[in-house]
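For reference, the structure is listed below as structure tokens.
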């Protein structure tokens, strides 16, 4: 299933945010080359994972494997300068419309984005963003995870 | 335990080689950067593994994880141009002295090396190589796995 997502910058935090379930995400890139990205990722409460993804130029490969927390902690130092740490708040805005509001930390402190996942194209097209959302950055490479991790806030 | 190893080129194959146990090794690098190498590796009969190793310049990290064969096969195409495929013949030459004779294939076809593992420094120093061994290449970067995989036969 292809994910249908749109993304916005957030101007002001929604007043209900404290009541959205949240968890902290640590994501770091071990390697970014012309052929692959290799990243580790941990949501608090979940198992850590290592993912190998082919570059968009190659035919698509994506492999994910579970990591023990010990392995994650040992690999994390190798991601220095290529990290995203954020608290993700999640809420179902309507049936099949899921909000993910990310508050970035550390080097990206102050950046707040809203990703909205849709069940289908039609839902994505008729969606009107909430008033606290700012500029739409769907498809903007400057706000892609890898770019943010390596180059910081646009 | 630190491995104590020496390495030679092989001039002629030992006459007994057919009787040494052997297995085929496929090893490919997904990524080689200033900070890490990420490789996949499979000995026939054994489980495939993915290994993340820090570059020698950083404090040493090495994490290995098991891969299903399916995952190995999907990742292998991403190692193109950075591979070592060889048949390894193994034999205990004397107690604590293990011979690993590697016959390389594909891009490295024709290269044959002998690695000898020792139980301790003293055994390593008093060892006399067999008559079929040629030049010693212990510590020679041109014969390191990563160099062979990327740059081919020296």
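Protein chains in written order, with the numbering used here: chain C, 547 to 700; chain B, 547 to 700.
Backbone N, C-alpha and C fix where the C-beta goes; we use that ideal spot for every residue, glycine too.
Runs of 4 residues minimum, wholly inside the stretch 583 to 625 of chain C: which ones carry the alpha helix (DSSP H) assignment?
615 to 621
Any beta carbon of chain C sitting closer than 8 Å to that of residue 609 of chain B?
Chain C, which has a Cβ nearer than 8 Å to the Cβ of residue 609 of chain B, makes this yes.
Does any residue of chain C bring its CB to less than 8 Å from the CB of residue 723 of chain B?
In the structure as shown, chain B begins at 547 and stops at 700. Residue 723 of chain B is therefore absent and cannot be evaluated.
Can you tell me where the beta strand (DSSP E) with residue 638 of chain B in it begins and where it stops?
629 to 640
Touch test, the stretch 653 to 665 of chain C against the stretch 549 to 562 of chain C, Cβ-Cβ under 8 Å, three pairs minimum
yes
Counting pairs of Cβ atoms below 8 Å between the stretch 635 to 649 of chain B and the stretch 614 to 621 of chain B, do you hit three or more?
no
To the nearest angstrom, how far is the alpha carbon of residue 645 of chain B from that of residue 567 of chain B?
11 Å
So who's on the other strand from residue 659 of chain B, going by DSSP bridges?
B:555, B:648
Examine chain B for any beta-carbon lying closer than 8 Å to the beta-carbon of residue 585 of chain C, and answer yes or no.
no
Could you tell me the distance, in whole angstroms, from the CA atom of residue 604 of chain B to the CA atom of residue 578 of chain B?
14 Å
For a test of the three-state rule: what should DSSP assign to residue 682 of chain B, helix, strand or coil?
strand
Report yes or no: do the stretch 622 to 633 of chain B and the stretch 596 to 610 of chain B share at least 3 C-beta pairs separated by less than 8 Å?
no
Go ahead and label residue 600 of chain C buried or exposed: buried means 16 or more other beta carbons lie within 10 angstroms of its beta carbon, across all protein chains shown.
buried
Please tell me whether residue 654 of chain B and residue 585 of chain B are closer than 8 Å, where the distance is taken between their beta carbons.
no
Would residue 572 of chain B pass as a contact of residue 588 of chain B if the rule is Cβ separation under 8 Å?
yes
Leaving out five residues before and five after residue 667 of chain B in sequence, what residues of the same chain have Cβ atoms less than 8 Å from its Cβ?
550
Separation of residue 691 of chain B from residue 547 of chain B, as counted between CA atoms:
The predicted model places residue 547 of chain B with a pLDDT of 48, which falls under 50 and marks its position as unreliable, so this point remains unresolved.
Helix, strand or coil: how does DSSP classify residue 572 of chain B here?
strand
If we count the other Cβ atoms within 10 Å of its Cβ and call it buried at 16 or more, is residue 688 of chain C buried or exposed?
It is exposed - the Cβ of residue 688 of chain C has fewer than 16 other Cβ atoms within 10 Å.
So is residue 630 of chain C in contact with chain B if we call contact Cβ pairs under 8 Å?
no
Is any beta-carbon of chain C found at less than 8 Å from that of residue 602 of chain B?
no
Using beta carbons (cut-off 8 Å, strictly below), is residue 597 of chain B in contact with chain C?
no
What is the residue span of the alpha helix (DSSP H) that residue 671 of chain C lies within?
667 to 672
So residue 620 of chain C contacts chain B; which residues on that side make the cut at Cβ distance below 7 Å?
607, 609
Hey, does residue 686 of chain C have any beta-carbon neighbour from chain B nearer than 8 Å?
So, not an interface residue.
Run the proximity test for residue 653 of chain C: is its beta-carbon closer than 7 Å to any non-hydrogen atom belonging to the ligand FMN?
No copy of the ligand FMN occurs in the structure displayed, which carries no ligand at all.
First through last residue of the alpha helix (DSSP H) which encompasses residue 693 of chain B
691 to 697
Which chain B residues sit within Cβ distance under 9 Å of residue 677 of chain C?
Within chain B, no residue comes near residue 677 of chain C; the closest Cβ sits about 43 Å away, beyond 9 Å.
Please list, in chain order, all residues of the same chain as residue 609 of chain C whose beta carbon is under 6 Å from its beta carbon, the five residues on each side excluded.
598
So, is residue 565 of chain C buried or exposed, given that buried needs 16 or more other C-beta atoms within 10 angstroms?
An exposed status is given to residue 565 of chain C, since fewer than 16 other beta-carbon atoms sit within 10 Å of its beta-carbon.
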